[in-house]
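**Q** One structure follows; several queries about it will come next.
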Amino acid sequence: MTELRDATPTDLDTLVTLDALGFPADAWDRPAWEAELDGPGRRVRVAVVGDEVVGALVTMTLGEVSDLVRVVVRPEARRNGVARVLLTDALSHAKAAGADRMLLEVSALNRGAIALYVDAGFTQIDQRPRYYKDGSDALVLRRSLGPSCNWSAS
41 MTELRDATPT
51 DLDTLVTLDA
61 LGFPADAWDR
71 PAWEAELDGP
81 GRRVRVAVVG
91 DEVVGALVTM
101 TLGEVSDLVR
111 VVVRPEARRN
121 GVARVLLTDA
131 LSHAKAAGAD
141 RMLLEVSALN
151 RGAIALYVDA
161 GFTQIDQRPR
171 YYKDGSDALV
181 LRRSLGPSCN
191 WSAS
């Protein structure tokens, strides 16, 4: 069973390692993760199975907009609903914090993530050519957090 909790400074080494597994070309270093833990409007949640952190999600919510900044799941834990649980939590928290929409960027090559986001009600609003280090485009997606747009991890 996947449990969620707020990340703490004791998770930093794990977050850096996890990010390097998930985003080898675009991984964040320790100072970047430290900044996420302390940044204004930032929220870092980790997914834990047993004693192991298997995923993490970062949002930045300021005013009416919540940005989904990062989602990473251990390769061996993918396709088990970890990202879905993290995303459901992020959507609920952003709405409770007063945001009316969530935005994110995802690689056009990341078909699994795109499918998850579309299933969650996100729609493409823009595209950024050659945004990532591997040369892939970023799709900019948006989702309303209004009352008629519910989604759950089930």
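The sequence shown runs 41 to 194 under the numbering used here.
Think of the CB as a built atom: it goes at the ideal place given N, C-alpha and C, for glycine as much as any other residue.
Quick check: the Cα distance between A60 and E116, rounded to an integer number of angstroms?
**A** Working through the sequence shown from its first residue, we reach residue 60 at position 20. Working through the sequence shown from its first residue, we reach residue 116 at position 76. Each residue's alpha carbon lies about 14 Å from the other.
**Q** Determine the DSSP secondary structure at D107, reduced to helix, strand or coil.
**A** Counting from 1 along the sequence shown, the entry for residue 107 is found at position 67. DSSP places D107 in strand when its eight states are reduced to three.
**Q** Mind pulling the beta strand (DSSP E) runs of 3 or more residues that sit fully within the region 90 to 136?
**A** DSSP runs (the beta strand (DSSP E)) wholly in the region 90 to 136: 92 to 102, 105 to 113.
**Q** Output needed for D174: all residues of its chain with C-beta closer than 6 Å, excluding positions within five of it in sequence on either side, in chain order.
**A** Start at 1 with the first residue of the sequence shown, and residue 174 comes out as number 134. These residues qualify, in order along the chain: A65.
**Q** If I follow the unbroken beta strand (DSSP E) through A153, where does it start and stop?
**A** Position 113 of the sequence shown, counted from the start, is the residue given in the question as residue 153. Per DSSP, A153 belongs to no beta strand (DSSP E); it is in the alpha helix (DSSP H), 151 to 159.
**Q** Where G152 and A75 are concerned, what is the direct C-alpha to C-alpha distance, given to the nearest angstrom?
**A** For this step, residue 152 is matched to residue 112 along the sequence shown. For this step, residue 75 is matched to residue 35 along the sequence shown. Cα to Cα, G152 sits roughly 28 Å from A75.
**Q** In chain order, what residues of the same chain have a beta carbon less than 8 Å from the beta carbon of R118, not counting five sequence neighbours either side?
**A** If you number the sequence shown from 1, residue 118 lands on position 78. G152.
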